[in-house]
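Trainee: Please find one structure pasted underneath; my questions will follow.
In the numbering used here, the protein residues as written are -2 to 260.
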């Protein structure tokens, strides 16, 4: 059974002492696995795995959410932002701050053309209230917008809002449809990616993968051969990026830990 085979390896990084029994460690591991599954709208109950002991999950559920929200890093630049707000931003900052501090229920609509500092205002508000120990749930309607906010998630993911898929539902991207480049081969895609990175300003940062085959005791698969394999659903062995360059996230493995598959 996969669970029994991999269980000793999965708990290696969990702190242990004479005061921590094996049942607690197993429940902690199952809870962490379930936490990752829930981010993908799954549950450990849907799989052939041991179940979390009664009471353990309820005991940790609330504290785990609070712990995550309170652990979101606060940027010094975002904190300093309250000192450099322009007149319009400062007016919105003061009104929203007053409503929060007085615990008034309110809805605010911040509008303005792109580049006028709306996101700067949001980040400043998030940083200042999180610095005071408040829990702020930062959400947006799209993943790109959510990524601009520290600790941001899409609203349907954060609040588990169901998305209704219909047989005839489709999206049209009129701006991009005449600019998309159709490439039948992954080699062509890699060449285009390399060309795009070279044209992008900034300093290159190179990341290398560490490829190996489990239980290859006879070393039949040399690292050079493994490094040369580049399946379409995984990043290449040599990944060259630049700060600010656009990338595609193939899979959200663990959004809380910023763990993604990148292409």
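Every residue, glycine too, gets a C-beta built ideally from N, C-alpha and C. The model shown is predicted, which means the values in this text are computed figures rather than measured ones.
Just how far apart, CA to CA, sit residue 92 and residue 158?
Mentor: 29 Å
Trainee: Report all residues from its chain with a CB closer than 8 Å to the CB of residue 89; omit the five preceding and five following residues, and keep chain order.
Mentor: 105, 107, 118
Trainee: Examine the Cβ distances between the segment 67 to 84 and the segment 113 to 129 and report whether three or more of them are shorter than 8 Å.
Mentor: Yes, the segment 67 to 84 is in contact with the segment 113 to 129.
Trainee: Which runs of the alpha helix (DSSP H) at least 4 residues long sit entirely within the segment 172 to 250? Give them in chain order.
Mentor: 183 to 196, 220 to 225
Trainee: Do you know how far the Cα of residue 219 is from the Cα of residue 192?
Mentor: 29 Å
Trainee: With DSSP collapsed to three states, give me the class of residue 89.
Mentor: Note: residue 89 maps to helix in three-state DSSP.
Trainee: If I measure Cβ to Cβ from residue 86 and keep anything under 6 Å in the same chain, skipping five residues before and after, which residues do I get?
Mentor: For residue 86, where only same-chain residues beyond five positions count, the Cβ hits under 6 Å are 114, 118.
Trainee: DSSP three-state label for residue 14, please.
Mentor: Interpretation of residue 14 is limited by its pLDDT of 43, a score under 50 that renders its predicted location unreliable; the figure taken from the coordinates is listed afterwards. Coil, per DSSP.
Trainee: Could you pull the DSSP bridge partners for residue 136 from this structure?
Mentor: 150
Trainee: Tell me whether residue 28 sits in a helix, a strand or coil according to DSSP, three-state version.
Mentor: helix
Trainee: So, with DSSP's three-state summary, where would you put residue 126?
Mentor: helix
Trainee: At the level of alpha carbons, what is the spacing between residue -2 and residue 47?
Mentor: 12 Å
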